[in-house]
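**Student:** With my numbering, the residue at position 104 of the sequence shown is 120, and numbering never jumps. Where is the CB? At the ideal position from N, CA and C, for every residue including glycine. Keep in mind it's a predicted model, so treat the numbers as computed, not measured. Provided herewith is a single structure, encoded as structure tokens, for subsequent inquiry.
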Amino acid sequence: MPPISILIVDDHPVTREGLHAALDLSEDVVVIGEAASGEEAVDAVRVTPPDIVFMDVRMPGMGGIEAARAIREASPQTRVILFTVDESRTSIAEAIQAGVSGYLLKDASADELVNAARLALEGKAVIHPQLTRAFIEEVQLAEKRPEASALSRREKEILQKVAYGATTKEVAHDLGISPHTVKTHLERIFEKLGANDRAQAVAIAIRSGIVE
Numbered sequence: 017m018p019p020i021s022i023l024i025v026d027d028h029p030v031t032r033e034g035l036h037a038a039l040d041l042s043e044d045v046v047v048i049g050e051a052a053s054g055e056e057a058v059d060a061v062r063v064t065p066p067d068i069v070f071m072d073v074r075m076p077g078m079g080g081i082e083a084a085r086a087i088r089e090a091s092p093q094t095r096v097i098l099f100t101v102d103e104s105r106t107s108i109a110e111a112i113q114a115g116v117s118g119y120l121l122k123d124a125s126a127d128e129l130v131n132a133a134r135l136a137l138e139g140k141a142v143i144h145p146q147l148t149r150a151f152i153e154e155v156q157l158a159e160k161r162p163e164a165s166a167l168s169r170r171e172k173e174i175l176q177k178v179a180y181g182a183t184t185k186e187v188a189h190d191l192g193i194s195p196h197t198v199k200t201h202l203e204r205i206f207e208k209l210g211a212n213d214r215a216q217a218v219a220i221a222i223r224s225g226i227v228e
């Protein structure tokens with residue numbers, strides 16, 4: 017069986033060199049290239065599609081998740097495995113939706129990376145146990161998030177202004193309504209979103225996509 021061809025993508029040269037050196041110790045893989053950005057990775061895949069792309073999540077310009085989508089489109093047979101120090105639940109969910117075959121922490125050993133590459137080629141996804149827990153939490157949160165339709169048009173309008181930092185008086189002035197009416201709307205918004213105050217309501221609304 018020929019060795020698994022690997023493309024390493026990270027904006028830090030030291031990280032790329034270290035990963036390259038570690039993977040070179042395995043006879044099962046061969047590193048065919050390196051890239052310092054998501055854009056470079058997509059270009060490299062179009063020229064010489066590797067079996068596996070090991071890629072950082074957080075990079076200037078095109079990040080790993082966006083690049084993963086572009087790589088999967090350019091070369092459907094190429095599998096993308098992200099490695100990161102980011103344990104964000106949202107990032108993990110986005111990565112899975114982007115069709116990545118793995119999500120590992122940067123402290124993964126060379127053996128773990130090679131094993132992840134093998135499993136990816138078998139159509140199996142590998143997620144670090146610590147990240148798996150975070151993803152499960154994200155799914156649970158998503159199930160509890162309010163639907164945008166739970167708020168009326170006026171409530172969304174008020175919440176958007178609050179999210180931009182407007183005071184009750186400023187919202188009232190902008191919308192041509194009384195401060196008391198704004199407060200009444202906010203109380204209803206808090207109740208619908210399960211929030212205790214403005215800050216929490218805005219945080220829930222942003223996470224749920226109700227406001228930007």
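Can you give me the start and stop residues for the beta strand (DSSP E) that I220 sits inside?
**Tutor:** Not the beta strand (DSSP E): I220 falls in the alpha helix (DSSP H), residues 214-224.
**Student:** Taking only three categories from DSSP, how would you classify T64?
**Tutor:** Residue state, collapsed to three classes: coil.
**Student:** Leaving out the 5 sequence neighbours to the left and right, which residues in its chain are closer than 8 Å to V58 when beta-carbon positions are compared?
**Tutor:** Excluding positions up to five away in sequence, the list reads M78, A83, A86, I87, A90.
**Student:** What residues are listed by DSSP as bridge partners for A51?
**Tutor:** According to DSSP, which records beta bridges pairwise, A51 is partnered with V25.
**Student:** Please determine, among H36, I97, D190, the residue with the shortest C-alpha to C-alpha distance to L121.
**Tutor:** Out of H36, I97, D190, I97 has the C-alpha closest to the C-alpha of L121.
**Student:** When you compare only the Cα positions, how much space is there between L175 and I108?
**Tutor:** C-alpha separation (whole angstroms): 28 Å.
**Student:** Please say whether T100 and D123 have beta carbons closer to each other than 8 Å?
**Tutor:** No, these two residues do not count as a Cβ contact at 8 Å.
**Student:** Take E43 as the anchor and find which of S53, P18, H144, L35 has the nearest alpha-carbon.
**Tutor:** Considering only alpha carbons, the answer is P18.
**Student:** Have a look at the DSSP bridge pairing and note the partners of Y119.
**Tutor:** Paired residues: L98, I143.
**Student:** Any idea which residues DSSP pairs V45 with across the strands?
**Tutor:** I20, per the DSSP bridge assignment.
**Student:** Taking the DSSP output, what are the residues bridged to V73?
**Tutor:** Answer by DSSP bridge pairing: none, since V73 is not bridged.
**Student:** Just to confirm my understanding: we take V218, look at its own chain, exclude 5 residues before and 5 after, and list those with CB closer than 8 Å. What are they?
**Tutor:** Contacts found: L175, V178, A179, V227.
**Student:** For E110, count neighbouring C-beta atoms within 10 Å of its own C-beta (all shown protein chains included) and say buried if the count is 16 or more, exposed if not.
**Tutor:** Counting Cβ neighbours within 10 Å, E110 comes out buried, since at least 16 surround it.
**Student:** Do you know offhand how far Y119's Cα is from I112's?
**Tutor:** Computed Cα separation, rounded: 8 Å.
**Student:** Once you ignore the five residues that flank A60 on each side, which residues in its own chain have a CB closer than 7 Å to its CB?
**Tutor:** For A60, where only same-chain residues beyond five positions count, the Cβ hits under 7 Å are L23, G49, A51.
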